[in-house]
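Asker:
Residue numbers (my numbering): 21 to 426.
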């Protein structure tokens, strides 16, 4: 006869914790430094900003699809993490505010916003972009962003609200509501994220196109989500938070997802490269050519080694996914490479024709710290308001009773 598992941890985030305030403080300092960078190097500022914005937006978006998949499959493995997923995804509507600088900097970021490119009487007339003008125009771009954030914000808010209500009322009928939200939410998410990838990053080089870029955009973000979760759990447990509730077996599950989507990421990234390589069309190959010269080739080779080969070899062993040191090490490596990959996708559009090629700027660091501080400030500020795990979730006992299968 199995016994009901007991929770010995406090499930309330320490109200006197300085973590939210420290995160917001770092965020404000970074954004002020970034603001100074805007006046000194406006183009660099906007490109640095879109890189860091995409990095953190990807965490929330990955959390949203994870929680929807959790509901639709009636999974139990991640119930102890579900409030993490819900808080990340419920802040997407707030994070939309941080997209405003991208809209203000469209002329700096996106070559296709220059009106002379669509004027047949102009010497700058671009026939290829003229053919894409129905999609690549500023009004439709802004409308699409409103639609994306409305979809994500609504889904994240409703799922968080329903979960918190189930905590307070113990009404397990809320699980049915969350499944009904998640079922149409998944295809809406898939389409909107793919098009967001096209808009935010692919259209930085408007002549280039890849039918796989939408799933590639999802893959890079989803692989990076798991190391964020691993490091966040390690950080909280070092503070004595949820130290006994989140067990080694649950961390192993995060490692297993991390490994699985490392393989998925490599498959998608290589498939995109291979399709473009053997088609050998000038419009497509030039994008890779610009990212395999001027110093950017070192990032490209680094991605192959440090984003796929090394994590794959280190995490393929079952015992490695139980090692906190190994998981922590690989998580840090992959997150650094994730930032560099977004940088590698974006920056050649800014440095086109620049003889210096790859060069990092202090504004890259300032925007990353600024947006990162605000992102995690928002997370911890909401995380402390409710129980850190969904106490009345019907799958909680099964999750807490989970053990390794040998």
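All C-beta atoms, glycine included, are put in the ideal place defined by N, C-alpha and C.
If you check the beta carbons only, do residue 378 and residue 316 fall under 9 Å apart?
Answerer: Locating residue 378 in the chain shown gives position 358, where the first residue counts as 1. Locating residue 316 in the chain shown gives position 296, where the first residue counts as 1. Yes.
Asker: Is there at least one non-hydrogen atom of the ligand SAM closer than 8 Å to the beta-carbon of residue 282?
Answerer: Questions concerning the ligand SAM fall outside what the structure shown contains, since it holds no ligand whatsoever.
Asker: Quick one: measure Cβ to Cβ for residue 320 and residue 364, integer angstroms, because I've assumed they're closer than 8 Å.
Answerer: For the purposes of this step, residue 320 is taken as the residue at position 300 of the chain shown. For the purposes of this step, residue 364 is taken as the residue at position 344 of the chain shown. Indeed, because the Cβ distance is near 7 Å, the residues count as touching under 8 Å.
Asker: Would you say residue 172 and residue 209 are within 9 Å of each other, going by their C-beta atoms?
Answerer: Taking the chain shown and counting its residues from 1, one reaches residue 172 at position 152. Taking the chain shown and counting its residues from 1, one reaches residue 209 at position 189. In this structure, residue 209 lies closer than 9 Å to residue 172 by Cβ.
Asker: Is it true that the CB of residue 138 sits closer than 9 Å to the CB of residue 129?
Answerer: In the chain shown, counting from the first residue as 1, residue 129 sits at position 109. In the chain shown, counting from the first residue as 1, residue 138 sits at position 118. For residue 129 and residue 138, no; Cβs fall outside 9 Å.
Asker: For the candidate residues 87, 131, 37, 422, whose alpha-carbon lies nearest to that of residue 203?
Answerer: Translated into the one-based positions of the chain shown, residue 203 becomes position 183. When each option's Cα is compared against that of residue 203, the closest is 87.
Asker: Are the CB atoms of residue 89 and residue 109 nearer to each other than 9 Å?
Answerer: Here residue 89 corresponds to residue number 69 of the chain shown, with the count starting at 1. Here residue 109 corresponds to residue number 89 of the chain shown, with the count starting at 1. No, Cβ-Cβ distance for residue 89 and residue 109 is not below 9 Å.
Asker: Beta carbon of residue 164, beta carbon of residue 219: below 9 Å?
Answerer: Within the chain shown, the letter at position 144 stands for residue 164. Within the chain shown, the letter at position 199 stands for residue 219. Against a cut-off of 9 Å, the Cβ pair of residue 219 and residue 164 comes out as a contact.
Asker: Quick one: give me the first and last residue of the alpha helix (DSSP H) that residue 163 is part of.
Answerer: Working through the chain shown from its first residue, we reach residue 163 at position 143. It spans 158-189 - the alpha helix (DSSP H) in which residue 163 sits, taken as one unbroken run.
Asker: Is residue 375 helix, strand or coil when you go by DSSP?
Answerer: In the chain shown, counting from the first residue as 1, residue 375 sits at position 355. In this prediction, residue 375 scores a pLDDT of 45, lower than 50, which makes its location untrustworthy; no coordinate-derived value is stated.
Asker: Could you give the residue range of the alpha helix (DSSP H) that holds residue 42?
Answerer: What you label residue 42 is simply residue 22 of the chain shown in a count that begins at 1. It spans 39-60 - the alpha helix (DSSP H) in which residue 42 sits, taken as one unbroken run.
Asker: So what's residue 139 in DSSP terms, helix, strand or just coil?
Answerer: Translated into the one-based positions of the chain shown, residue 139 becomes position 119. Three-state DSSP puts residue 139 in coil, outside helix and strand.
Asker: To the nearest angstrom, how far is it from the Cα of residue 167 to the Cα of residue 28?
Answerer: The count along the chain shown starts at 1 and reaches residue 167 at position 147. The count along the chain shown starts at 1 and reaches residue 28 at position 8. Computed Cα separation, rounded: 43 Å.
Asker: Starting from residue 113, trace the alpha helix (DSSP H) both ways and give me its first and last residue.
Answerer: Counting from 1 along the chain shown, the entry for residue 113 is found at position 93. Taken as a continuous stretch (DSSP letters only), the alpha helix (DSSP H) holding residue 113 covers 112-115.
Asker: Between the Cα of residue 273 and the Cα atoms of 308, 216, 342, which residue gives the shortest distance?
Answerer: Reading the chain shown from its first residue, position 253 is the one you call residue 273. Looking at the Cα atoms, 342 is the closest of the given residues.
Asker: What are the start and end residues of each continuous alpha helix (DSSP H) run of 4 or more residues lying completely inside the region 261-288, in chain order?
Answerer: Here no run is fully enclosed.
Asker: Am I right that residue 47 and residue 244 are in contact with their C-beta atoms under 8 Å? What's the rounded C-beta distance?
Answerer: For the purposes of this step, residue 47 is taken as the residue at position 27 of the chain shown. For the purposes of this step, residue 244 is taken as the residue at position 224 of the chain shown. About 20 Å separates the two Cβ atoms, so there is no contact after all.
Asker: How long is the line joining the alpha carbons of residue 301 and residue 231, rounded to whole angstroms?
Answerer: Numbered from its first residue, the chain shown carries residue 301 at position 281. Numbered from its first residue, the chain shown carries residue 231 at position 211. In a straight line, the C-alpha of residue 301 is about 14 Å away from that of residue 231.
Asker: Can you look up residue 296 in the DSSP assignment and give me helix, strand or coil?
Answerer: Stepping through the chain shown from its first residue, residue 296 is reached at position 276. Looking at residue 296 - three-state DSSP - the assignment turns out to be helix.
Asker: Spatial neighbours of residue 279 within its chain, please: C-beta separation below 6 Å, excluding the five flanking residues on both sides.
Answerer: Here residue 279 corresponds to residue number 259 of the chain shown, with the count starting at 1. If we look at residue 279 and ignore the five residues flanking it on each side, its Cβ neighbours are 335.
Asker: Are there three or more Cβ pairs, one per stretch, closer than 8 Å when the region 252-270 is compared with the region 181-200?
Answerer: No, they do not touch.
Asker: With burial defined as no fewer than 16 other Cβ atoms inside 10 Å of the residue's Cβ, what is the status of residue 352: buried or exposed?
Answerer: Here residue 352 corresponds to residue number 332 of the chain shown, with the count starting at 1. With fewer than 16 Cβ atoms within 10 Å of its Cβ, residue 352 is classed as exposed.
Asker: Helix, strand or coil, according to DSSP, for residue 94 in the structure here?
Answerer: Taking the first residue of the chain shown as position 1, residue 94 is located at position 74. Correct three-state label for residue 94: coil.
Asker: If you draw a straight line from the C-alpha of residue 212 to the C-alpha of residue 237, how long is it?
Answerer: Indexing the chain shown from 1 puts residue 212 at position 192. Indexing the chain shown from 1 puts residue 237 at position 217. Cα to Cα, residue 212 sits roughly 12 Å from residue 237.
Asker: Suppose you measure from the CA of residue 191 to the CA of residue 183; what does that come to, to the nearest Å?
Answerer: Locating residue 191 in the chain shown gives position 171, where the first residue counts as 1. Locating residue 183 in the chain shown gives position 163, where the first residue counts as 1. So the alpha carbons of these two residues sit roughly 10 Å apart.
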